[in-house]
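Read left to right, the sequence shown gives residues 1 to 1082 (this note's numbering).
So the structure is just underneath, and the comments pick up after that.
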Amino acid sequence: MYNDQITVLLGHNGAGKTTTMSMLTGMFPPTSGTAFICGYDIRTDMDKVRKCLGLCPQHNILFDQLTVREHLYFFSKLKGLKREDINEEIDKYLELLELQTKVVMLDEPTAGMDPSARRALWDLLQNQKHGRTILLTTHFMDEADLLGDRIAIMAGGELQCCGSSFFLKKKYGTGYYLIMNKAPNCQEEQVTRFLQKYIPNILVHGNLGSELTYLLAEEHSSVFEVMLRDLEENSKILGVRSYGISLTTLEEVFMKVRSYRDQEAQHFVNTKLKLNKNYNNENKINETSSPQNTLTGFKLMTNQFLAMLMKKNLSLKRTWILLFIQILIPVVILTMAILTGKYSNKSRNLPKLLITLDSYRNPVTLFEDKANNSISALYTKTVPSTVRLRYIVGASFDKPLGSFLTTITAWFNNRPYHSPPLALGLVLNVVYKHLAGQNRSIKWANHPLPFTADSKMAQLSKGQSMGFQVAFNITFGMAFVSGFYVLFCVKERICKAKHLQFMAGVNVYIFWLTCFICDLLTFVITIIAVIATLAYFQEDGFRSTEDLARMFLILFFFGFAMLPMMYLASLLFNVPSTGYTRMTLFCIFTGSVAFLVVQILKNRELHLEYVADTLHWIFLIFPHYALATSIRDIYTTFSTHKMCKYAVKTCVEYRPNMNEDKCWSLVCHNTSAVLQRHCCVREPTYYTWSSPGINRNLLYSLLVGLILLLILHTIEYKTFSKIKDYICGNYTKKLPQQVEEEDSDVEEENSKIRSTSESQLQEDYTLVVKDLTKYYKKILAVNGLCLGVKKSECFGLLGVNGAGKTSTFKMITGDTRITYGEAWVKNFSIKNQTKQVQKLIGYCPQFDALLDNLTAKESLIMFGLLRGIPRKNCQSLAKKLSEDFDFQPHINKKVKELSGGNKRKLSTAISLIADPPIICLDEPTTGMDPVTKRYLWDAICKFRDNGKCVILTSHTMEECEALCTRLAIMVNGSFKCLGSVQHLKSKFAQRYTLTIKVSRSSSGDDIDLKPIENFVMSNFPSAIQSEKHQEILTYQISDKSIPLSKMFGILEKGKKKLNIEDYSLGQTSLEQVFLSFTKLQR
1 MYNDQITVLL
11 GHNGAGKTTT
21 MSMLTGMFPP
31 TSGTAFICGY
41 DIRTDMDKVR
51 KCLGLCPQHN
61 ILFDQLTVRE
71 HLYFFSKLKG
81 LKREDINEEI
91 DKYLELLELQ
101 TKVVMLDEPT
111 AGMDPSARRA
121 LWDLLQNQKH
131 GRTILLTTHF
141 MDEADLLGDR
151 IAIMAGGELQ
161 CCGSSFFLKK
171 KYGTGYYLIM
181 NKAPNCQEEQ
191 VTRFLQKYIP
201 NILVHGNLGS
211 ELTYLLAEEH
221 SSVFEVMLRD
231 LEENSKILGV
241 RSYGISLTTL
251 EEVFMKVRSY
261 RDQEAQHFVN
271 TKLKLNKNYN
281 NENKINETSS
291 PQNTLTGFKL
301 MTNQFLAMLM
311 KKNLSLKRTW
321 ILLFIQILIP
331 VVILTMAILT
341 GKYSNKSRNL
351 PKLLITLDSY
361 RNPVTLFEDK
371 ANNSISALYT
381 KTVPSTVRLR
391 YIVGASFDKP
401 LGSFLTTITA
411 WFNNRPYHSP
421 PLALGLVLNV
431 VYKHLAGQNR
441 SIKWANHPLP
451 FTADSKMAQL
461 SKGQSMGFQV
471 AFNITFGMAF
481 VSGFYVLFCV
491 KERICKAKHL
501 QFMAGVNVYI
511 FWLTCFICDL
521 LTFVITIIAV
531 IATLAYFQED
541 GFRSTEDLAR
551 MFLILFFFGF
561 AMLPMMYLAS
571 LLFNVPSTGY
581 TRMTLFCIFT
591 GSVAFLVVQI
601 LKNRELHLEY
611 VADTLHWIFL
621 IFPHYALATS
631 IRDIYTTFST
641 HKMCKYAVKT
651 CVEYRPNMNE
661 DKCWSLVCHN
671 TSAVLQRHCC
681 VREPTYYTWS
691 SPGINRNLLY
701 SLLVGLILLL
711 ILHTIEYKTF
721 SKIKDYICGN
731 YTKKLPQQVE
741 EEDSDVEEEN
751 SKIRSTSESQ
761 LQEDYTLVVK
771 DLTKYYKKIL
781 AVNGLCLGVK
791 KSECFGLLGV
801 NGAGKTSTFK
811 MITGDTRITY
821 GEAWVKNFSI
831 KNQTKQVQKL
841 IGYCPQFDAL
851 LDNLTAKESL
861 IMFGLLRGIP
871 RKNCQSLAKK
881 LSEDFDFQPH
891 INKKVKELSG
901 GNKRKLSTAI
911 SLIADPPIIC
921 LDEPTTGMDP
931 VTKRYLWDAI
941 CKFRDNGKCV
951 ILTSHTMEEC
961 EALCTRLAIM
971 VNGSFKCLGS
981 VQHLKSKFAQ
991 RYTLTIKVSR
1001 SSSGDDIDLK
1011 PIENFVMSNF
1021 PSAIQSEKHQ
1031 EILTYQISDK
1041 SIPLSKMFGI
1051 LEKGKKKLNI
1061 EDYSLGQTSL
1071 EQVFLSFTKL
1081 QR
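Now the structure itself:
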């Protein structure tokens, strides 16, 4: 690739374009070989490569919370721009990824852009290519033709050809293409016989939608003028509305190059005639998924349940690392808590303290010996002789004159603890050694009395127990575990996979019930891990089978309440990671923190027990708080019962006339008031309604779980929205706004829909919208649309980004509520009977609503099951659809591993499962390669002609012309025009469009366009130059007195004399009509 040039990389979906870019940018290393960028090896100098590299990936990698300006600022700082230069660069509206980079890589940058935005980006790239090397991938052949200084085509991971557009067309071109726009009475055989009078061997090259295409060999160019003149004169008889001639397009080159690599592509490109001759054969997709073969009733419910189980099971298997972390977190936290609690447990009886000098730091012992005998000598051996720091004890040995007895005096310092018994003990130990022998000694110890029952109960109430530690830390760990259940729900909802499943017919209760069961089973695995950890440490209260069974029950009820809470919370977030962190914090505060606050307030010294009791009842609605108090309460019950049993045991041992029954009675009536109600029952009562029983906690958890599930279903059925609309609708109705200068066709459609009765509309049309309006707060997105679409009709909805197309689709498919107006699908109201409507619609959304961790095959099987395809047929359905849409080699890849084009193929295939009567396709071919795009067009035509109603949005005008029987152009939420393609051309384009592509000079110098401009003006005086994009000139010729045949003759002569590479001449294209309206978009 060369400097100051744009190299365009073309290839079918899965050819390796994105993989090539990923290797060049260091996303992953090449298996073999290398590449050099700016002189640096991508294998060894990637850091230096990235400094001179800019990348626009296939999918937008943007931060949802940042503005456009903040994005530009952020990336400019990453690129190392100085602070004073950043604002200047931002104000130039340049892509910061391209700033300060010599090599720029753009992976399908215009995918999803409307034509006007696409042209603006073309100008930007042309202006920015100087001093840079740009590599671009695209599926728009006109874009590649216009921008590409050099064009490379890939297939099967290998480069097939490379060169300029002119070189590729000359090498792979096959001549001219005669493209006719057919009328309903057009007969293919009649047109072919007519043309064979001039070119005997001419055959139909393509018959797709309303387009009939013939290939004209270059050697027959001498008869073109006569043939076309004759065609013009007989166009009405032949059923030809209009026609045009063009040379080999880059799209044809692409398909031909691919056909050399892939025989299947050759079938798609060159056997259209065969496909159309077999037109009466039922479509392959229909054979597999016709409505007659679908299940209903209980069998359908079973199918949908299996589909949801498959989805959850596969997602769990593909994200097993998350399950492992989910299990590990509470186990690690619990283990640390138990190990810590073993050494800091203040509820156990205090240990004895040995009374020795070793307990003091560097003691100083004073010794006075007046006796001078063996007894005093023993003392010096018993105590340290070093005098350094402290004076703890001392001793005096005296033997009065004439006495046989030695007087020993023990001295002690009364400031240190335990010094009196130490002083006395040392002296008595000396005497004992003297009498019994030096190898004998006495050890002295201070052994505290055991805690009284009142003291132990006070400790329990203050949380100074192993039970409190276990309760607090398990609850803390479960806060992190709970957050994991938000991740999948948020992701599934935001990527619209959940909506697409509802569109496929899954019932709300089946969707959430399956999700609840599967998540509860995974939570049981976490419970088992926690129980196993408790069993391993064998702590009192969590040791026996009964103890562990109670823990299992408490955790299970906690899971029953926690999961619906997470499901409801997932509706509040748009980013999975944000949902996880915020819900984890919420669970910590409503669980561990609330538990700690109530525990502190219960201290008698604070005199706030009444506040603690009130908060306790309030906090019980939070599953984590109920969990913590349940664990604490079962430990309290265990501990109090243990005290009672100890008191009874002591009574039996030390009172000879008392048996166990009498001791229980004695303990019950004579123990402290705190223990009385516990010791009057011989067996511990864990399941009571009064504290410390756990019945209240379990009941709360059960009720909370059921209520939250009910609220979740109410939200999913949009009950609250309907009540709100009913209440607020009567007071704050948001009506559509009056449109000024409304087009006559639009006005006629509005009048017809509004004046016809509801029953008649439902009888005449498959889809009807009446005054359809959508407000987002105060912003009007869709303004009072009226439309009726019949069966066997393909209606195209065109408009720039933001015109209201997707909002209209969302209302039709039930994804968003209708602010005002009404819509019906086959007698069902979209506002009031959404579920019935969704079952009738096959929907391909604008952005792929697919689950990343499922393969393409698994996705097709899942949606097949949801649509009611028998399980035994789902495998063959997936295989057929993958073959029909040309992604069979990628069928076992995960969705996240598919290219953008293959994802669109998969989304479109899903929309056609079970042969729905209405098919809504929101930009279905975005990112598709030309071969599959044309085949999809043919499939849509077959669906349309078999009685289906197709609603289509697209940014490809060629696609709309080929497929749509009627279309409307939306601007600012309203229809600006409505009618067939030919009608719109005739009404809004009373002229011809001439497009001339000038050959580039081999030296790369600027092209002199003056001779060509003079040629056009001299031969077509009424021509007005409407556009001038680099080497492409576009003219509008309003003088229709010159027949097309004569105009082609003039242009053929000019092509031989001037530097004209290619030209096209015909009625103004739909794109020109579209661009004329989009200038009105606000």
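Ideal Cβ placement from N, Cα and C applies to all residues, glycine included.
- Of the other Cβ atoms in all chains shown, fewer than 16 fall within 10 Å of the Cβ of Ala217; this residue is therefore exposed.
- Put simply, the segment 465-476 touches the segment 331-343. At least three CB pairs are less than 8 Å apart.
- Per the DSSP secondary-structure output, Met113 pairs with nothing in a beta bridge.
- Shown here, Gly541 sits in coil according to DSSP, grouped into three states, outside any helix or strand.
- Separation of His955 and Met1047 (C-alpha to C-alpha, rounded to the nearest whole angstrom) is 30 Å.
- Annotation: Gln833 is outside any beta strand (DSSP E) and is labelled neither H nor E by DSSP.
- The continuous alpha helix (DSSP H) containing Tyr635 extends over residues Pro623 to Tyr654.
- Going by C-alpha positions, Cys668 is about 14 Å away from Lys642.
- Per DSSP, Gly591 lies in no alpha helix (DSSP H) and is assigned neither H nor E.
- Leu860 is positioned such that its CB atom lies closer than 8 Å to that of Leu881.
- Cβ contact annotation for Gly705 (same chain, cutoff 7 Å, sequence separation greater than five): Phe560, Ala561 and Pro564, in chain order.
- Counting along the chain, the unbroken alpha helix (DSSP H) around Gly483 starts and ends at Met466 to Ile494.
- 8 Å or more divides the Cβ of Leu78 from the Cβ of His71.
- In this structure, the beta-carbon distance from Ala497 to Ala856 does not fall below 8 Å.
- For Glu758, no beta strand (DSSP E) run applies; the uninterrupted alpha helix (DSSP H) run containing it begins and ends at Glu758 to Asp764, by DSSP.
- When the alpha-carbon of Val1016 is set against those of Ile1050, Asn414 and Gly297, the nearest one is in Ile1050.
- The Cβ-Cβ distance between Thr294 and Ala939 does not fall below 8 Å.
- Per DSSP, reduced to three states, the secondary structure at Asn181 is strand.
- For Met970, the enclosing beta strand (DSSP E) covers residues Arg966 to Val971.
- Counted as a single uninterrupted DSSP element, the alpha helix (DSSP H) harbouring Lys1010 occupies residues Lys1010 to Asn1019.
- With a contact defined as Cβ atoms closer than 8 Å, Leu1033 and Ile1007 miss out at about 10 Å.
- Pairwise C-beta distances place the segment 5-20 in contact with the segment 135-154, as three or more of them are shorter than 8 Å.
- With contacts defined by Cβ atoms closer than 8 Å, Gly784 and Ile969 do not form a contacting pair.
- Ranked by how close their Cα comes to the Cα of Leu1075, the residues Lys51, Phe1020 and Lys985 have Lys985 in first place.
- It is roughly 26 Å from the alpha-carbon of Leu709 to the alpha-carbon of Gly868.
- Under the three-state reduction of DSSP, Arg241 is assigned to strand.
- Counting the other Cβ atoms within 10 Å of the Cβ of Phe397 gives 16 or more, which makes it buried.
- Under DSSP, no beta-bridge partner is assigned to Asp613.
- Straight-line measurement puts the Cα of Thr409 at about 16 Å from the Cα of His434.
- Around the beta carbon of Val950, 16 or more other beta carbons lie within 10 angstroms, which makes this residue buried.
- Using a 10 angstroms sphere on the CB of Ala445, the tally of other CB atoms stays under 16, which defines it as exposed.
- DSSP places Glu822 inside the beta strand (DSSP E), whose first and last residues are Tyr820 to Val825.
- When Asp64, Gly693 and Asp1039 are compared, the shortest CA-CA separation from Ile494 is found for Asp64.
- Looking at the DSSP output, Leu952 shares a beta bridge with Gly796 and Leu921.
- Between the C-alpha atoms of Leu702 and Ile600 there is a straight-line separation of about 27 Å.
- Considering only Leu328, Asn181 and Leu428, the residue with the shortest C-alpha distance to Ile525 is Leu328.
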